[in-house]
Amino acid sequence: MKIIRIKCKEEQKGRTEKALWSPRKEVSSGIFTINEAEAKVPVVNTSTEPLILHKEEEVSTWGTNKWYESMLDSGAMMLDSGWWNAQERDKQSVLQD
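Numbers 1 to 97, taken from our numbering, label the letters of the sequence shown in order.
Here's what the structure looks like:
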């Protein structure tokens, strides 16, 4: 794993946090701190071939809309998901395992 610095064109000054969505499997997606338009992002090369990222290459998109939409579509924001409807002793059994 290597940490690289990438630029965020939308943020120019200050410090903020945004979601990073990368179509490349080598570049981690997640929530990152952007400081003065730059973020430090982990990159992992899992192949035997060299991984080359060129200067000014677009490796991701920034924002929160995609995360929010995908969470709504998947139902991940719903706490009432069947499992929680189990009997109390069943829940205790699962927790003890």
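Using N, Cα and C, we set each Cβ at its ideal position, and we do this for glycine too. From a predicted model like this one, the values you see are computed outputs, not experimental measurements.
Residue i - DSSP class collapsed to helix/strand/coil
| i | result |
| --- | --- |
| residue 61 | strand |
| residue 15 | strand |
| residue 24 | coil |
| residue 35 | strand |
| residue 3 | strand |
Contact belief for residue i with residue j at Cβ below 8 Å, rounded distance in angstroms
| i | j | result |
| --- | --- | --- |
| residue 34 | residue 8 | 5 Å |
| residue 3 | residue 53 | The Cβ separation is near 12 Å, so there is no contact. |
Sequence-distant residues of the same chain with beta carbon closer than 7 Å to residue i, five excluded per side
| i | result |
| --- | --- |
| residue 27 | 41, 43, 59 and 60 |
| residue 45 | 26 and 51 |
| residue 63 | 18 and 19 |
| residue 24 | 59 |
Chain-order list of residues whose beta-carbon lies under 6 Å from that of residue i (same chain, five-residue window excluded)
| i | result |
| --- | --- |
| residue 29 | 20, 21 and 22 |
| residue 1 | 42 and 44 |
| residue 57 | none |
Sequence-distant residues of the same chain with beta carbon closer than 8 Å to residue i, five excluded per side
| i | result |
| --- | --- |
| residue 15 | 33, 34, 35 and 36 |
| residue 48 | none |
Buried/exposed call for residue i, threshold 16 Cβ in 10 Å
| i | result |
| --- | --- |
| residue 76 | Its pLDDT being 46, under 50, residue 76 is placed unreliably in this model, and the value from its coordinates should be taken loosely. Per the 10 Å Cβ criterion, exposed. |
is_contact[residue i, chain B] using C-beta, thresh 8 Å
| i | result |
| --- | --- |
| residue 9 | Although the question refers to chain B, the structure presented lacks it and comprises just one protein chain. |
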